[in-house]
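In mature numbering (1 follows the signal peptide of the UniProt record, and there is no 0), the protein residues as written are -20 to -1, 1 to 183.
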């Protein structure tokens, strides 16, 4: 009975840890989700025999949304230059994409002042690949010996910001010209955090 109790408590702890990671699809769920009459791990331990309906059930993995060709291009363009600076690859953020889409409905070449996302804007380029490369080209103006924000380097520092995890982008034609926006989570360009987030290019 002691071994069974220990095993079941360990299983419940593992399930709680897994479900707490909201960015990942849960693989298992606990007994109270199957049978609401079971309220705790003690109820399970006190049961002399668990019927098949009370046993842990493996859930089918949730398929990730399929990225469009343009979304893949945006991620590839970002992750290529991020790798040069020791920053981990970004994943696509649908919420950030929708934020950008809604903001561009204004057709205003100005920042949304979002507190949730970092943000880069561009206008007049022919593609997102050109946009990201244009933002990254500011690297030539950045001084690693005096890390910090600059009007001529702010796009670059956000693109390679090490602690940023995901990005979502959108575009809209306004007055005959393409307007681009990328929103980043977590946001970059925080004061006093440049040294650990904007690393020199690897040799």
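Every residue gets a Cβ at the ideal spot worked out from N, C-alpha and C, and that includes glycine. These figures come from a predicted structure and were not determined experimentally.
Quick test of your reading: residue i and residue j, contact by CB under 8 Å. State the CB separation rounded to the nearest angstrom.
| i | j | result |
| --- | --- | --- |
| residue 54 | residue 108 | 5 Å |
| residue 148 | residue 73 | 4 Å |
Within a Cβ cutoff of 6 Å, which residues of the same chain sit near residue i, ignoring the five residues on either side of it in sequence?
| i | result |
| --- | --- |
| residue -17 | Because the pLDDT at residue -17 is just 38, under 50, the model does not fix this residue reliably, and the value given afterwards should be weighed accordingly. The answer is none, since no qualifying residue turns up. |
| residue 133 | 118, 121, 122 |
| residue 100 | 115, 135, 138, 162 |
| residue 57 | 109, 112 |
| residue 183 | none |
| residue 131 | none |
| residue 86 | none |
| residue 45 | none |
| residue 93 | none |
Looking at C-alpha atoms only, which residue of the options is the closest neighbour of residue i?
| i | options | result |
| --- | --- | --- |
| residue 139 | 50, 46, 71, 157 | 71 |
| residue 112 | 52, 48, 45, 183 | 52 |
| residue 164 | 81, 76, 91, 56 | 76 |
| residue 181 | 87, 84, 124 | 124 |
| residue 104 | 169, 158, 95, 170 | 158 |
| residue 171 | 127, 131, 183 | 127 |
| residue 129 | 93, 95, 169 | 169 |
For the beta strand (DSSP E) that contains residue i, what are its first and last residues?
| i | result |
| --- | --- |
| residue 152 | 146 to 154 |
| residue 101 | 98 to 103 |
Taking the alpha helix (DSSP H) that residue i falls in, what are its first and last residues?
| i | result |
| --- | --- |
| residue 157 | Taken as a continuous stretch (DSSP letters only), residue 157 belongs to no alpha helix (DSSP H), being part of the beta strand (DSSP E) at 157 to 165. |
| residue 174 | 174 to 177 |
| residue 60 | 49 to 64 |
| residue 140 | 134 to 140 |
| residue 116 | 108 to 116 |
| residue 77 | 74 to 84 |
Which residues in the same chain have their Cβ closer than 7 Å to the Cβ of residue i, if we skip the five residues on either side of it in sequence?
| i | result |
| --- | --- |
| residue 136 | 115, 116, 118, 119, 122 |
| residue 50 | 108 |
| residue 47 | 72 |
| residue 97 | 76, 79, 163, 164, 165, 167 |
| residue 89 | 101, 103, 159 |
| residue 106 | none |
| residue 95 | none |
| residue 81 | 150 |
| residue 69 | 59, 62 |
Go through its chain and collect everything with a Cβ distance to residue i's Cβ below 8 Å, but skip five positions before and after it.
| i | result |
| --- | --- |
| residue 84 | 150, 151, 152, 154, 159, 161 |
| residue 91 | 99, 101 |
* To do: Give a yes or no on contact between the segment 131 to 143 and the segment 175 to 183, applying the rule of three or more CB pairs nearer than 8 Å.
  => yes
* Asked: Any contact of the segment 51 to 66 with the segment 152 to 159, i.e. 3+ C-beta pairs under 8 Å?
  -> no
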